[in-house]
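Taking it in order: structure first as structure tokens, then the write-up.
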Ligand code: FES
Ligand code: FES
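Chains as they are written, first to last, in my numbering: chain A, 1 to 754; chain B, 1001 to 1160.
See the structure below:
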């Protein structure tokens, strides 16, 4: 049945309300089961041995002594995970990251693993694995890695995207370029030009739940995996590929997930747990420690970015360029490319060019982190825009409004925009009382804008109408922050029934068709589209059942307010049939009633936000505190506004931590010095003020309810908003994130020395 | 290694267990007693996901040895509701959407309960400093603080 995804305006009854979430009670009583809360009979405990070196050749590994420890049931190395990648480079990189093959590429890279009957035996065995390393020169800094004399991580990497193709290996894996117009001509037309370089340090997603799984390879060749993941179908594919299983033989169940923010979109330990289980012939539980989470899972890129923007005296931007170098860890990905695409997405520019370089360094493989790559680019661009406004003598907000993209603008990364929210968020900021509230000594106000694409993707959903008229909704996108509530609202809306009568569950890979990850802010966008489609299919079935009951043609039955109704005066005395009534008769009218939906959710509407923030800088210590914060963002349509606000607030808080405090600190030896929450300090309750939110709703034309993704854009503006606020508070322009107290103090004393 | 026999009170019930000398209270709760509500976010006392109340004080159960439970009174998240009646803090956390992923929630509820036990009328600042030992990466704390304020109000009987 063809599905019309076009936006249709309507008066919503369920969507837009704030009911209690269905998984709330489990989560406040401690009953909800997360990755580490699952156990199987006879399960073994796994531990992973990790490289203490940033870069080292693995000369030999001898596991004999470890395997002989009493209680040890399996010891594995890369040899137990043979290379089945068959020329698929991306798959090989996943494999190599899960278990180092010829070289350890970063401090924390897995080199071997054990499974034992208890923690004690496992730990003892770990000490008895003999690894002979040949330590190699390393490089962890994104700029140093591009120097001609830098140690090369991978001899087989030659920069792609440049012509002619280079003949020597490089740590720069790829060059990408976006833009249009003639930037040289544009700069020639400029009265004022700002040209600056910026740096941001590497941060971690910082989910409170470490990666955890239970793997069970069974004697009949099937396998089960219970895991905290943002995408159990993708994990199934990756694990099956790496272990040589058919996907149907591997059933993956996603547990409740204790935060992911992109970091749980990649397999790290799951293939290792499966390989251990296969070798030991018993279930294996693998839970990463916090130290391992920091050293060996998901940080975002460190970056070095150059920006140049020119404008006329009256504030029209004539040209803009950015060169972005993003660290990738040891494996090439598209992080700089995403940065290059997002850099100037907020603006309507005649001449724009961005160039991204993917840089390999001896740090953990970079994983997506909420609007991946956009916050750093926005930090650079939005800082430069502020400075440009100062130079012109124009209000920074007015300058942004003057140059904001709008419907019909050709974006800096290519596509032409439909209806978008950047202008409205800026105008809402202008009208917001926060903008005119008084400020005290050493206080300053800053603002910045942010953009994220939002993803759609493959989605499959089942909607079953039970005999009592309640509805079970099975979705395949993991619920990372309330989506079961949102999707239940959507099902209730479309069917015209009560929210309380819908129960949404996240189905495992054995019971539902393929679904892409919950990433790119796609969870509610895509699965709500699939839910609407499934509900419409169920309605079609219910109309047929009503037609059968009434013995009239189905074309004469329409659906309204949760009821099948007979059209036309000739059926005047037929009382409408409710879902409950139709369901009660289903056994006699053709059996169970269900609506199924499989689709590719296209047209995820792009998302824009404007943030306003006030800071106070202590000139004695350089410490900065955020004293007021406002998030204004377009949601398209806020399905469950409380959880939309939560996304806005959570992203802002992560951005604040990134801006002021969080960073990976490496020693000369290339080892991570702060792999714990004590030294890698994320914002705590006393660090933050209330975070005010304003939800704008500019409908996405490509979704029946106008929904856009909301999860990620909120982390994009804070870095720049805070940097701009610091500049306005104490007059120093911070070009290096995080703006930790020592960096601010140094800037203040440089300023005094001038 | 020989095990240690421990007698303690957990959520009002007498409980006896055996543990090794190096096992933490968190290990015992999760691995021996099946009380999985306390979570291990760090194992080093930095995240508060493992918060429990021991003799009226909030502790990180990852920093307490199982053997130290001997003779003490322990409250965990599993004992917070009165049967099927949620504690006001639990109800307010759901009502205010004070959880997203929810992994931090048991720890916050335990810590907040300990706060309201000693200070039924905390200011926003007192709430923020009291809860500063509990990390939440999802919410930005705004809705958590509001939920605690609202629960305190309700528990004082100032609003139904
Ligand atoms: S697990 Fe105990 S404080 Fe983090
Ligand atoms: S709700 Fe996810 S860490 Fe607090």
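Ideal Cβ placement from N, Cα and C applies to all residues, glycine included.
N-terminal and C-terminal residue of the alpha helix (DSSP H) that residue i is part of
i, result
"residue 543 of chain A", "523-550"
"residue 120 of chain A", "119-127"
"residue 649 of chain A", "641-660"
"residue 749 of chain A", "741-753"
"residue 581 of chain A", "579-584"
"residue 12 of chain A", "Element bounds for residue 12 of chain A: n/a, residue is neither H nor E."
"residue 1143 of chain B", "1142-1155"
"residue 186 of chain A", "183-188"
Cβ shell of residue i (< 6 Å), same chain only, five flanking positions each side left out
i, result
"residue 765 of chain A", "Look at the range of chain A in this structure, 1 to 754, and you will see that residue 765 of chain A is not part of it."
"residue 474 of chain A", "462, 505, 507, 512"
"residue 580 of chain A", "469"
"residue 1016 of chain B", "1007"
"residue 128 of chain A", "65, 66"
"residue 416 of chain A", "410"
Minimum C-alpha distance to residue i - residue among the options
i, options, result
"residue 1071 of chain B", "B:1055, B:1035, B:1042", "B:1055"
"residue 1005 of chain B", "B:1032, B:1043, B:1041", "B:1032"
"residue 1029 of chain B", "B:1127, B:1084, B:1076", "B:1076"
"residue 476 of chain A", "A:718, A:604, A:539, A:252", "A:252"
"residue 1064 of chain B", "B:1080, B:1084, B:1040", "B:1040"
"residue 226 of chain A", "A:449, A:242, A:35, A:555", "A:35"
"residue 292 of chain A", "A:198, A:209, A:248, A:436", "A:209"
"residue 647 of chain A", "A:287, A:695, A:133", "A:695"
"residue 1026 of chain B", "B:1012, B:1067, B:1014, B:1057", "B:1067"
"residue 184 of chain A", "A:175, A:81, A:318", "A:318"
"residue 604 of chain A", "A:703, A:232, A:711, A:516", "A:703"
"residue 217 of chain A", "A:284, A:267, A:180", "A:284"
"residue 627 of chain A", "A:444, A:578, A:337, A:349", "A:444"
"residue 439 of chain A", "A:95, A:386, A:729, A:44", "A:729"
Residue environment, residue i, which counts as buried when at least 16 other CB atoms sit within 10 Å
i, result
"residue 488 of chain A", "buried"
"residue 1018 of chain B", "exposed"
"residue 339 of chain A", "buried"
"residue 364 of chain A", "buried"
"residue 621 of chain A", "exposed"
"residue 1119 of chain B", "exposed"
"residue 324 of chain A", "buried"
"residue 168 of chain A", "exposed"
"residue 97 of chain A", "buried"
Proximal residues to residue i (C-beta, below 7 Å), its chain only, five neighbours per side dropped
i, result
"residue 967 of chain B", "Outside the displayed span of chain B (1001 to 1160) sits residue 967 of chain B, for which this structure offers no information."
Start and end residues, beta strand (DSSP E) containing residue i
i, result
"residue 216 of chain A", "212-217"
"residue 502 of chain A", "502-506"
"residue 402 of chain A", "Premise fails: residue 402 of chain A lies in the alpha helix (DSSP H), 396-403, not in any beta strand (DSSP E)."
"residue 383 of chain A", "Careful: residue 383 of chain A lies outside any beta strand (DSSP E), inside the alpha helix (DSSP H) at 374-392."
"residue 451 of chain A", "443-452"
"residue 464 of chain A", "457-465"
"residue 226 of chain A", "223-227"
"residue 430 of chain A", "Counting along the chain, residue 430 of chain A falls outside any beta strand (DSSP E), though it belongs to the alpha helix (DSSP H) covering 422-431."
"residue 323 of chain A", "317-327"
"residue 73 of chain A", "72-76"
"residue 1013 of chain B", "1013-1019"
"residue 133 of chain A", "130-135"
"residue 1054 of chain B", "1051-1054"
"residue 175 of chain A", "172-180"
Neighbourhood of residue i by C-beta distance below 8 Å, restricted to the same chain and skipping five residues each side
i, result
"residue 1003 of chain B", "1018, 1019, 1020"
*Using a beta-carbon distance cut-off of less than 9 Å, what residues from the region 1115-1145 of chain B approach chain A?*
1124, 1125, 1127, 1128, 1129, 1130, 1131, 1132, 1133, 1134, 1135, 1136, 1137, 1138, 1139, 1140, 1141, 1142, 1143, 1144, 1145
*For the region 315-339 of chain A, which residues have a CB atom closer than 8 Å to at least one CB atom of chain B, in sequence order?*
none
*Near ligand 3, which residues have their beta-carbon less than 6 Å from any of its heavy atoms, given in chain order?*
Among the ligands in the structure shown, ligand 3 does not appear; only ligand 1 and ligand 2 can be found there.
*Could you please tell me which residues of the region 681-706 of chain A, in chain order, have their CB closer than 7 Å to any CB of chain B?*
682, 684, 685, 686, 688, 690, 691
*Going along the region 663-679 of chain A in order, which residues come within less than 7 Å of chain B, judged by CB to CB distance?*
676, 677, 678
*What are the residues of the region 1042-1066 of chain B that lie near chain A, defined by any Cβ-Cβ distance shorter than 7 Å?*
1042, 1043, 1044, 1046, 1047, 1049
*Determine which residues of the region 284-318 of chain A have a Cβ less than 7 Å from any Cβ of chain B, and write them out in chain order.*
289, 290
*Listed from N- to C-terminal order along the chain, which residues in the region 1015-1038 of chain B have their beta-carbon within a distance smaller than 7 Å of any beta-carbon of chain A?*
1036, 1037
_Short-range partners of chain A found in the region 1089-1113 of chain B, where Cβ spacing is below 7 Å_ = 1090, 1093, 1094, 1095, 1097, 1099, 1100, 1101, 1102, 1103, 1104, 1105, 1106, 1109
*May I ask you to list, following chain order, the residues of the region 177-211 of chain A that have a beta carbon less than 8 Å from some beta carbon of chain B?*
205, 206, 207, 208, 209, 210
*With 8 Å as the C-beta to C-beta threshold (strictly closer), list the residues of the region 469-502 of chain A near chain B in chain order.*
480, 481, 482
*the region 15-35 of chain A: positions lying closer than 9 Å to chain B by Cβ*: 18, 20, 21, 23, 24, 25, 26, 27, 28, 29, 30, 31, 32, 33, 34
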